[in-house]
Amino acid sequence: MIAPDLPTAVARLRELVEEAAVAVAFTGAGISTECGIPDFRSPGGIWTKMRPIEFGDFLASQEMRNESWRRRFVMEEQFGGAQPGRGHRALASLYRAGKIPAVITQNIDNLHQASGISAEHVVELHGNTTYASCLGCGKHYELRWVRERFTASGGRSPDCPDCGGHIKTATVSFGQAMPEAAMRRAQELTESCDLFLAIGSSLVVWPAAGFPLTAKRNGARLVIINRDATEFDDIADLVVHDDIGAALSPFIAH
Ligand SMILES: [Zn+2]
Numbered sequence: 001m002i003a004p005d006l007p008t009a010v011a012r013l014r015e016l017v018e019e020a021a022v023a024v025a026f027t028g029a030g031i032s033t034e035c036g037i038p039d040f041r042s043p044g045g046i047w048t049k050m051r052p053i054e055f056g057d058f059l060a061s062q063e064m065r066n067e068s069w070r071r072r073f074v075m076e077e078q079f080g081g082a083q084p085g086r087g088h089r090a091l092a093s094l095y096r097a098g099k100i101p102a103v104i105t106q107n108i109d110n111l112h113q114a115s116g117i118s119a120e121h122v123v124e125l126h127g128n129t130t131y132a133s134c135l136g137c138g139k140h141y142e143l144r145w146v147r148e149r150f151t152a153s154g155g156r157s158p159d160c161p162d163c164g165g166h167i168k169t170a171t172v173s174f175g176q177a178m179p180e181a182a183m184r185r186a187q188e189l190t191e192s193c194d195l196f197l198a199i200g201s202s203l204v205v206w207p208a209a210g211f212p213l214t215a216k217r218n219g220a221r222l223v224i225i226n227r228d229a230t231e232f233d234d235i236a237d238l239v240v241h242d243d244i245g246a247a248l249s250p251f252i253a254h
């Protein structure tokens with residue numbers, strides 16, 4: 001059913017959450033837009049104006065690695081101070097209440113962790129842009145560490161002092177393999193829940209598109225909260241086309 005108005009949506013969502021034993025949330029860019037982070041893939045988004053750097057190009061070219069970090073530090077100035085929104089805080093409340101064991105996310109902004117969900121319970125399908133890692137040995141690097149060397153060298157992307165590997169934000173780039181462990185956990189969570197909450201994702205891009213179907217096939221109820229219609233609206237138990245923050249703020253525990 002598509003909720004006819006916000007109060008109906010909230011009331012029905014409350015019932016579904018109360019009836020669920022294990023709810024899993026799956027989030028996309030829409031949950032972070034109220035935090036000032038734009039949806040890069042949306043029409044008019046950054047990636048329709050500036051071509052993303054593919055993983056192969058990053059590996060092949062020092063200039064591409066430099067450009068990749070240049071762009072990252074520009075983003076840091078624009079979005080580095082973003083704080084969790086109402087949707088993040090509501091999910092964190094349900095997590096603390098023991099209703100949601102984990103959140104699966106397409107987002108790379110670290111805002112679920114910032115809202116209080118333990119990092120081990122945030123399953124990141126596209127990685128995380130708030131730190132870096134070495135592609136050779138996997139060592140973690142803070143952005144500040146990268147920036148100091150980037151600036152001191154006049155804009156050159158640094159390599160790992162330990163192994164000489166390239167250092168990249170811990171994100172999954174276009175052309176880069178999906179993280180296997182995260183994909184496996186996302187699949188297991190989806191199969192084990194009895195309520196699947198798809199929030200702020202258009203559910204078009206693989207693998208996002210597969211999860212709602214998997215959840216439904218396993219007998220879970222499906223809720224879709226998204227500004228625009230998705231192709232799974234027909235099979236959902238509840239569809240909310242309202243603002244995500246407004247729909248979820250009643251679930252924030254104070
Ligand atoms: Zn290394």
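Numbering of the sequence shown is given in the numbering used here, commencing with residue 1 and proceeding in unit increments.
For every residue, glycine included, the Cβ atom is placed at its ideal position computed from N, Cα and C.
Remember, predicted model here, so these are calculated numbers, not experimental data.
Neighbourhood of residue i by C-beta distance below 8 Å, restricted to the same chain and skipping five residues each side
i, result
"H121", "Y95, P101, A102 and V103"
"R72", "T129, L143 and T169"
"D176", "The question names Asp, but residue 176 in the sequence shown is Gln. Excluding positions up to five away in sequence, the list reads F55."
Cut-off 7 Å between Cβ atoms - residues of its own chain near residue i, not counting five sequence neighbours on either side
i, result
"D159", "G165, H166 and I167"
"T171", "I108, H126, G127, N128 and T129"
"R147", "F73"
"L6", "D242, A246 and A247"
"T33", "D39"
"H88", "I31, L111, H112 and S115"
Identity of the residues DSSP links to residue i by a beta bridge
i, result
"H140", "S133"
"A23", "L195"
"G127", "T171"
"L238", "V223"
"V103", "A25 and V122"
Whole-number beta carbon distance between residue j and residue i, since they are thought to touch under 8 Å
i, j, result
"P84", "L111", "5 Å"
"V17", "A23", "6 Å"
"F26", "A198", "5 Å"
"G28", "Q106", "5 Å"
Chain-order list of residues whose beta-carbon lies under 6 Å from that of residue i (same chain, five-residue window excluded)
i, result
"S267", "Past the edges of the chain, shown from 1 to 254, lies residue 267, and the structure says nothing about it."
"L213", "none"
Any C-beta of chain B under 9 Å from that of residue i
i, result
"A182", "Protein chain content of the structure displayed is limited to a single chain, and chain B is not contained in it."
Quiz item: Touch check for the stretch 59-72 and the stretch 234-251: three-plus C-beta pairs under 8 Å?
Solution: no
| request: Using the beta-carbon of each residue, find all residues closer than 6 Å to any heavy atom of ligand 1 and list them in chain order. | output: C134, G136, C137, K139, C160, D162, C163 and G165
| said: Would you call the stretch 211-220 in contact with the stretch 188-198, where contact means no fewer than 3 C-beta pairs closer than 8 Å? | reply: yes
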